[in-house]
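>
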Amino acid sequence: MLGDKALNKVGHITKGAKASSGVSTFANAVKLAKELKPTLEMLQSFKKEASYTFSSVGGTIITKIPQGELLEAYYKFAKSKDGGKGKPSSNKNTNVDNFDAKTATNKQKGNYGEIKSSDNLLNNQSLKEAGFDLKPVGKSAPTGINDKIVKGIDGLYENANPNSNIKYVIDEAKFGSSQLGKTKDGREMSNDWLNGSETGKSRILKAVDGDEVLAEKVANALEDSAVERVLSKVDSSGNVKTYRLDEEGNNIGEWP
1 MLGDKALNKV GHITKGAKAS SGVSTFANAV KLAKELKPTL EMLQSFKKEA SYTFSSVGGT
61 IITKIPQGEL LEAYYKFAKS KDGGKGKPSS NKNTNVDNFD AKTATNKQKG NYGEIKSSDN
121 LLNNQSLKEA GFDLKPVGKS APTGINDKIV KGIDGLYENA NPNSNIKYVI DEAKFGSSQL
181 GKTKDGREMS NDWLNGSETG KSRILKAVDG DEVLAEKVAN ALEDSAVERV LSKVDSSGNV
241 KTYRLDEEGN NIGEWP
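If you count by full-length UniProt numbering, then the sequence shown holds residues 1 to 256, one letter each, in order.
What follows is the structure in structure tokens.
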């Protein structure tokens with residue numbers, strides 16, 4: 001049993017079996033998380049399948065919430081604008097629809113570019129007519145413009161068109177005037193950069209979440225010229241223009 005004098009309304013916390021009454025809801029979890037913030041950190045030491053029964057001082061069960069749900073509620077609260085003592089998090093520019101390039105951060109611009117480029121590659125009918133029926137493999141595109149930036153390949157796609165000689169498409173999204181950079185492994189999107197020739201860190205392997213079999217398939221296809229390298233340029237209105245890159249990462253014209 002965990003005790004806390006500050007828990008006047010809730011009483012005590014007991015780790016135990018399922019309660020015969022009480023309702024487990026995310027809304028209840030959020031409400032309780034606000035009251036239990038000082039003690040929630042202690043719950044992390046228990047197994048995730050454990051559950052917690054919240055009772056009043058008199059012993060009457062209020063509700064029972066699985067630990068995972070409770071911790072999720074806590075982190076949601078901690079990140080909210082009125083949670084914790086840190087700088088309030090902004091709810092502005094949280095999705096693509098209200099994206100404003102004039103006020104967006106570099107992170108938001110980068111995520112916006114990746115979201116728009118991925119949508120274009122997957123849903124542009126003209127690409128399908130050109131023989132590209134693309135399916136994402138490995139790393140997914142950001143779900144929102146405030147997602148954490150993940151370095152490396154922006155998008156890796158398998159071409160499901162059996163009649164095409166191109167088996168994979170590797171995409172690099174750039175917002176506005178952003179350009180391909182130079183790294184220890186060479187220019188972005190070059191073969192050396194993709195394979196990590198100097199650092200020994202394959203960006204293809206990272207893009208497929210460590211799936212060595214899939215990474216080898218992509219690397220072999222790259223050697224066999226069965227991979228298209230694409231640069232997707234995204235403007236502030238969400239318009240996307242695509243360009244083909246050579247093995248050195250140079251822009252050699254529009255794609256496809």
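Even for Gly, the Cβ is constructed at its ideal location relative to N, Cα and C. The model shown is predicted, which means the values in this text are computed figures rather than measured ones.
1) At 4 residues or longer, and completely inside the stretch 201-238: list those alpha helix (DSSP H) runs for me, N to C.
2) In the DSSP assignment, find the alpha helix (DSSP H) that holds residue 115 and state where it starts and stops.
3) Indicate the three-state DSSP secondary structure (helix, strand or coil) for residue 180 in the structure shown.
4) Check each candidate in 139, 143 and 225 and name the one with the smallest Cα separation from residue 168.
5) Report, in whole angstroms, the separation of the C-beta atoms of residue 106 and residue 131, which I expect to be a contact under 8 Å.
6) Please name the residue or residues paired with residue 136 in a DSSP beta bridge.
7) What residue does the beta strand (DSSP E) around residue 171 start on, and which one ends it?
8) Under 8 Å: do the stretch 174-181 and the stretch 227-237 share three or more Cβ pairs, one atom per stretch?
9) Could you say if the stretch 121-129 and the stretch 98-112 meet the contact criterion of at least three C-beta pairs nearer than 8 Å?
10) Assuming contact is defined by CB atoms lying nearer than 9 Å, are residue 139 and residue 207 in contact in what I supplied?
11) I need the DSSP call for residue 251, collapsed to helix, strand or coil.
12) What number of angstroms, rounded off, separates the C-alpha of residue 179 from the C-alpha of residue 145?
13) Which value, in whole angstroms, describes the spacing of the CA atoms of residue 182 and residue 193?
14) In three-state DSSP terms, what is residue 102?
15) Just how far apart, CA to CA, sit residue 135 and residue 184?
16) Does the beta-carbon of residue 227 have 16 or more other beta-carbons within 10 angstroms, so that it is buried, or is it exposed?
17) For residue 247 and residue 190, which I take to be in contact (beta-carbon distance under 8 Å), what is that distance rounded to the nearest angstrom?
18) If you draw a straight line from the alpha carbon of residue 218 to that of residue 250, how long is it in whole angstroms?
19) Measure the alpha-carbon distance for residue 100 versus residue 142 and round it to whole angstroms.
So, from the data block:
1) Listed in chain order, they are 203-207 and 212-223.
2) Within the sequence shown, residue 115 is the residue found at index 115, counting from 1. Where residue 115 is concerned, the enclosing alpha helix (DSSP H) stretches over 106-123.
3) Within the sequence shown, numbered from 1, the residue matching residue 180 stands at position 180. The three-state secondary structure of residue 180, taken from DSSP, is coil.
4) As a position in the sequence shown, residue 168 is number 168, starting the count at 1. Residue 225 is the option with its Cα nearest to residue 168.
5) The residue you call residue 106 lines up with position 106 of the sequence shown. The residue you call residue 131 lines up with position 131 of the sequence shown. Actually they are not in contact, since the Cβ atoms of residue 106 and residue 131 sit about 35 Å apart, beyond 8 Å.
6) The residue labelled residue 136 in the question sits at position 136 within the sequence shown. According to the DSSP secondary-structure assignment, residue 136 is paired through a beta bridge with 157.
7) Stepping through the sequence shown from its first residue, residue 171 is reached at position 171. Element bounds for residue 171: 168-175.
8) With three or more CB-CB distances shorter than 8 Å, the stretch 174-181 counts as touching the stretch 227-237.
9) The way I'd put it, the stretch 121-129 doesn't touch the stretch 98-112; fewer than three beta-carbon pairs between them come closer than 8 Å.
10) On the sequence shown, position 139 is the one that residue 139 refers to. On the sequence shown, position 207 is the one that residue 207 refers to. It is a contact, given that the beta carbons lie within the stated cut-off.
11) On the sequence shown, residue 251 is found 251 positions in, with the first residue counted as 1. In this structure, residue 251 counts as strand in the three-state DSSP scheme.
12) Locating residue 179 in the sequence shown gives position 179, where the first residue counts as 1. Locating residue 145 in the sequence shown gives position 145, where the first residue counts as 1. The alpha-carbon atoms of residue 179 and residue 145 are separated by roughly 20 Å.
13) Residue 182 sits at position 182 when you count from the first residue of the sequence shown. Residue 193 sits at position 193 when you count from the first residue of the sequence shown. In this structure, the alpha-carbon of residue 182 lies about 9 Å from that of residue 193.
14) Start at 1 with the first residue of the sequence shown, and residue 102 comes out as number 102. Under the three-state reduction of DSSP, residue 102 is assigned to coil, being neither helix nor strand.
15) The sequence position of residue 135 within the sequence shown is 135, counting from 1. The sequence position of residue 184 within the sequence shown is 184, counting from 1. Roughly 30 Å between the two C-alpha positions.
16) For the purposes of this step, residue 227 is taken as residue 227 along the sequence shown, with counting starting at 1. Per the 10 Å Cβ criterion, buried.
17) Stepping through the sequence shown from its first residue, residue 247 is reached at position 247. Stepping through the sequence shown from its first residue, residue 190 is reached at position 190. A Cβ-Cβ separation of about 6 Å places residue 247 in contact with residue 190 under the 8 Å criterion.
18) As a first step, residue 218 is located in the sequence shown; it is residue number 218 there, counting from the start. As a first step, residue 250 is located in the sequence shown; it is residue number 250 there, counting from the start. CA-to-CA, the gap between residue 218 and residue 250 works out to about 20 Å.
19) Stepping through the sequence shown from its first residue, residue 100 is reached at position 100. Stepping through the sequence shown from its first residue, residue 142 is reached at position 142. The alpha-carbon atoms of residue 100 and residue 142 are separated by roughly 17 Å.
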